[in-house]
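What follows is a single structure, written as C-alpha cells, with notes after it.
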Amino acid sequence: MTVQFLNRVSELFLDVANKEAECRITSVAVTDWRNFCRDWVFDALERDTRRCFLVAVEDRSADTLLEIIQERILPGTTIISDLWRSYNTLIQLGYRHLTVNHYINFVVPVTFATTNHIECLWKHVKNRNKSENGTARNLLQSHLIEFMWHYEFKDEIFGKLLEQIRHLYPCV
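Just so we're aligned, residue 1 is where the sequence shown starts under the UniProt record's numbering, counting upward by one.
Below, the structure is given as C-alpha cells:
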C-alpha cells in the first residue's frame, strides 16, 4: 500500500463521517485560528469527545469563519473562542458563545470557559509537523486530514484502517 492510498482512505472516511449529522460537533466546541506553514488554519475541538477538525483556508474573513462553523458545528452548540470580532454574530446564528480574554485570565472563573484544550491540540499538530521535518504548502490539507485521523483513532489505528478500507472499497 502506498502512502497516497492510506491518505486517501483517511480523507474519504473523514469526509464521509463529517457529512453525517451525528459526526458533526454538537456539544461544547473550542475554536481558534492559526498561522501554520504560512497558511491560515481554522480548527475546532469538541471537548467531550475530543473530535476535531482543522481546515486550511485562503483567508481569515468573517464570511469564511461563519461558513465553516455553520457547515461543521450544529446550532445550539456552545462555542468557546477568543474575542475576535467575527465571532460576535454566533449568537444570532443559534450558537451559545463564551469568550476568553487572555489579557485577564486563561479560565473564566464564572463559566470555566478556556481555550487550553485547543492550544494542546495545536501542540500535537506542531510536534507531528516537526517530526516530519515540515509540510509542503501544497500538502497542508492532506497533512491536517492525516493528523485528524490519527488523533481520532490513536488507540486503534490498524484495525480502523482495515475497517475503513472495507467500508470504502467493499468486495463485490
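Idealized CB from N, CA, C, for every residue including glycine. All figures in this text were calculated on a predicted structure; none of them were measured in a lab.
Which term fits Y87, buried or exposed, when burial requires 16 or more other beta carbons within 10 angstroms of its beta carbon?
Counted from its first residue, the sequence shown places residue 87 at position 87. Buried.
Would you kindly work out how many angstroms separate the C-alpha atoms of Q70 and L168, rounded to a whole number?
Translated into positions along the sequence shown, residue 70 becomes position 70. Translated into positions along the sequence shown, residue 168 becomes position 168. Taking the straight line from one Cα to the other gives about 27 Å.
Cross-strand partners of V55 (DSSP beta bridge):
Stepping through the sequence shown from its first residue, residue 55 is reached at position 55. DSSP lists F42 as partners of V55.
Cβ-Cβ separation, L140 to D39 (assumed contact under 8 Å), whole Å:
On the sequence shown, residue 39 is found 39 positions in, with the first residue counted as 1. On the sequence shown, residue 140 is found 140 positions in, with the first residue counted as 1. Indeed they touch by this definition, with Cβ atoms about 6 Å apart.
Nearest CA to the CA of R96: which residue from I79, Y103, F106 and T111?
Start at 1 with the first residue of the sequence shown, and residue 96 comes out as number 96. For the residues I79, Y103, F106 and T111, the minimum Cα distance to R96 belongs to I79.
Apart from the five residues on each side of it in sequence, which residues of its chain come closer than 7 Å, Cβ to Cβ, to I68?
The count along the sequence shown starts at 1 and reaches residue 68 at position 68. Excluding sequence neighbours, I68 sits near F42 and V55.
CB of R51 within 8 Å of CB of E163, strictly
Within the sequence shown, numbered from 1, the residue matching residue 51 stands at position 51. Within the sequence shown, numbered from 1, the residue matching residue 163 stands at position 163. No; because the gap between Cβ atoms is not below 8 Å, this pair is not in contact.
So which of T64, L93 and D63 has the shortest CA-CA distance to T77?
Residue mapping note: residue 77 aligns to position 77 of the sequence shown, counting from 1. Comparing Cα positions, the closest option is L93.
In this structure, what does DSSP give as the bridge partners for I118?
The residue you call residue 118 lines up with position 118 of the sequence shown. None; I118 has no bridge partner.
For S81, write down the residues that DSSP places opposite it in a beta bridge.
In the sequence shown, counting from the first residue as 1, residue 81 sits at position 81. Per DSSP, T99.
Can you name, in chain order, every residue of its own chain whose Cβ lies under 8 Å from the Cβ of L144, other than the five neighbours on each side?
Here residue 144 corresponds to residue number 144 of the sequence shown, with the count starting at 1. Correct list, in chain order: V41, L54, V55, A56 and V125.
Own chain partners of I104 with C-beta closer than 7 Å, once the 5 adjacent residues on each side are dropped:
Walking along the sequence shown from the start, residue 104 turns up at place 104. Taken in chain order, the list of residues that qualify is empty.
If the criterion is Cβ atoms closer than 8 Å, does the pair V108 and L98 meet it?
To locate residue 108, count along the sequence shown from 1; it is residue 108. To locate residue 98, count along the sequence shown from 1; it is residue 98. In this structure, L98 lies closer than 8 Å to V108 by Cβ.
Endpoints, alpha helix (DSSP H) assigned at T64:
Here residue 64 is taken as the residue at index 64 of the sequence shown, counted from 1. Taken as a continuous stretch (DSSP letters only), the alpha helix (DSSP H) holding T64 covers A62 to R72.
Give me whichever residues DSSP pairs with V107 in a beta bridge.
Residue 107 sits at position 107 when you count from the first residue of the sequence shown. T114, per the DSSP bridge assignment.
What whole-angstrom Cβ distance do T89 and L66 have, given they're in contact under 8 Å?
Stepping through the sequence shown from its first residue, residue 89 is reached at position 89. Stepping through the sequence shown from its first residue, residue 66 is reached at position 66. About 7 Å separates the two Cβ atoms, so the contact holds.
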